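Engineer: I have a structure I would like to understand better, so I am pasting it below and will then ask my questions one at a time.
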Amino acid sequence: MKAFQYRKFEDRAQVVEVPVPSPGPGQVLLRITAAGVCHSDLHILSSSQDDYRYGPLPLTLGHEAAGVVTAHGAGAGFYPLGTAVLVYGPWGCGMCRNCSAGEENYCTDPGGVKPPGIAVDGAIAEYLVVDNERHLIPLGDLDPVQAVALTDAGLTSYHAIKRAVSRLGAGTFAVVIGAGGLGHLAIQIIRALGASTVIAVDVAEDKLQLARHVGADHAILGDGQSAGLINRLTNGAGADAIFDFVGSEQTVTLAGDIAATYAQITIVGVGQGALPVGYRRLPFETNVRSVFWGTRSDLWEVIDLARSGRLTVSVEIHSLEDASQAYERLARGEVLGRAVIVP
Ligand code: NAD
Ligand code: ZN
Ligand code: ZN
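Here UniProt numbering is used: the first residue of the sequence shown is 1, the next is one more, and so on.
Encoded structure:
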């Protein structure tokens, strides 16, 4: 089969021919129908050998997956052959306290979470082995190409927003920093779960247009003026919920500068910026949290939200042969919404 692999440090990932993997006991083989291209993969591809902390090379990329059940390993069979599914990506041990609550994204096993495309071979390929059937969710009548980004871009945004929902009541202001793959879904999820006025911030005009299109009340350019502008838009009070899908020094500083008393700041982007927390460093009672992906039940919920028609993914489609091109476009900031690979 064809697979898009990162094979050697400081080399470009490429499409190669590899054997179709076979599912072991309890595992399932999926024929991939769609795989999403996430900005996190660019961090994998750009880390040096010294700070590389992902799966052994060669590594097939892709941690957003939709597919069809094609073979069962011994003992598997809950989903019949031919079932269309989405894949829950943060594969935990299934046994620890957090996994028992469905919070596999925070698995406490010493081996940690082992997502496909990050720790083991992933979905940008013709086939994917899924480690356990509990990591599958029926796709139903959803289109795999439209739905695949729900498994990370949707799930991560949903998880972050659900945790902050007490700050999204009527009369509140929510700010989404970075209206990309995750952010354009976050805007819609805030509208579905809350009553906030939504302000989107991005550095690209086409992303701001998308933000308005998917429901942002205001969409403003991220520059030296944005903190002042947001403080004016919020009548001087600041924003009650801030979701940072960039996470750089510049954006976490903006988040701190625009926070209201009692604000919830959620850092999702892996930009490595630091926000000092201490007495009077932030408005009183401000919470700051960073999040990783979402829980198994969150994924069922965000899929239901999409099924109800309240969540639409903006998608650009690429063939598996063109996977490199999709990543190049993402790196140059040219993708509007999510790039999706269709093998
Ligand atoms: P993306 O490239 O699709 O979107 C990023 C957006 O941020 C783009 O629209 C870009 O124009 C905008 N942007 C860049 N710099 C900005 C700035 N200074 N101010 C405002 N906007 C700016 O990326 P994505 O796939 O949506 O991922 C977003 C981030 O979230 C990445 O860092 C990714 O690694 C991370 N991520 C984290 C998790 C998690 O579990 N914590 C999960 C998925 C992705
Ligand atoms: Zn991701
Ligand atoms: Zn666990």
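Every residue, glycine too, gets a C-beta built ideally from N, C-alpha and C. Keep in mind it's a predicted model, so treat the numbers as computed, not measured.
Give a single yes or no on whether S40 has its beta carbon closer than 7 angstroms to a heavy atom of ligand 2.
Structural biologist: Counting from 1 along the sequence shown, the entry for residue 40 is found at position 40. True, at least one ligand heavy atom lies under 7 angstroms from that Cβ.
Engineer: Return helix, strand or coil for A326, following the three-state DSSP convention.
Structural biologist: Residue numbering aside, residue 326 sits at position 326 when the sequence shown is read from its first letter. Helix at A326.
Engineer: Just to confirm, is the Cβ distance from L336 to L210 under 8 angstroms?
Structural biologist: The residue you call residue 336 lines up with position 336 of the sequence shown. The residue you call residue 210 lines up with position 210 of the sequence shown. Yes, the pair counts as a contact, with Cβ atoms nearer than the cut-off.
Engineer: Beta-carbon distances below 7 angstroms to any heavy atom of ligand 4 define the shell here; list its residues in chain order, please.
Structural biologist: This structure simply doesn't include ligand 4; it includes ligand 1, ligand 2 and ligand 3 instead.
Engineer: Would you say the beta carbon of L182 comes nearer than 7 angstroms to a heavy atom of ligand 1?
Structural biologist: Taking the sequence shown and counting its residues from 1, one reaches residue 182 at position 182. Flag set: Cβ of L182 near ligand 1.
Engineer: Using only the alpha-carbon positions, how far apart do A71 and G24 sit?
Structural biologist: Position 71 of the sequence shown holds residue 71. Position 24 of the sequence shown holds residue 24. Looking at the two C-alpha atoms, the distance is approximately 10 angstroms.
Engineer: Would you mind reading off the limits of the beta strand (DSSP E) that contains L158?
Structural biologist: Against the sequence shown, residue 158 aligns to sequence position 158. At residue 158 the sequence reads Tyr, which differs from the Leu that was named. Segment A153 to R163 is the alpha helix (DSSP H) holding Y158; no beta strand (DSSP E) there.
Engineer: Tell me the DSSP secondary structure of I189 in three-state form.
Structural biologist: Position 189 of the sequence shown, counted from the start, is the residue given in the question as residue 189. It is helical.
Engineer: According to DSSP, what are the bridge partners of R31?
Structural biologist: Translated into positions along the sequence shown, residue 31 becomes position 31. Answer is V68 and Y127.
Engineer: Going by Cα to Cα distance, which pick from E316, T151, V129 and L59 is closest to L299?
Structural biologist: As a working note, residue 299 is residue 299 in the sequence shown. Of E316, T151, V129 and L59, the residue nearest in Cα terms is T151.
Engineer: Within a Cβ cutoff of 7 angstroms, which residues of the same chain sit near P90, ignoring the five residues on either side of it in sequence?
Structural biologist: As a first step, residue 90 is located in the sequence shown; it is residue number 90 there, counting from the start. Around P90: E104, N105, V113, P115 and W293.
Engineer: Can you tell me the Cα-Cα spacing of A119 and R232, whole angstroms?
Structural biologist: Residue 119 sits at position 119 when you count from the first residue of the sequence shown. Residue 232 sits at position 232 when you count from the first residue of the sequence shown. Cα to Cα, A119 sits roughly 45 angstroms from R232.
Engineer: Apply the 10 Å Cβ neighbour rule to T261 and answer buried if 16 or more other Cβ atoms are within range, or exposed otherwise.
Structural biologist: As a first step, residue 261 is located in the sequence shown; it is residue number 261 there, counting from the start. Flag for T261 reads exposed.
Engineer: Pick out whichever of L59, D11 and A123 has its Cα sitting closest to the Cα of R31.
Structural biologist: If you number the sequence shown from 1, residue 31 lands on position 31. If we check each option's Cα against that of R31, A123 comes out closest.
Engineer: For ligand 2, any of its heavy atoms closer than 7 angstroms to the Cβ of D152?
Structural biologist: For this step, residue 152 is matched to residue 152 along the sequence shown. Flag set: Cβ of D152 near ligand 2.
Engineer: Which ranges does the alpha helix (DSSP H) cover as unbroken runs of at least 4 residues, wholly within the segment 187-258, from first to last along the chain?
Structural biologist: Counting only runs of 4 or more, we get 205-213, 226-233 and 249-258.
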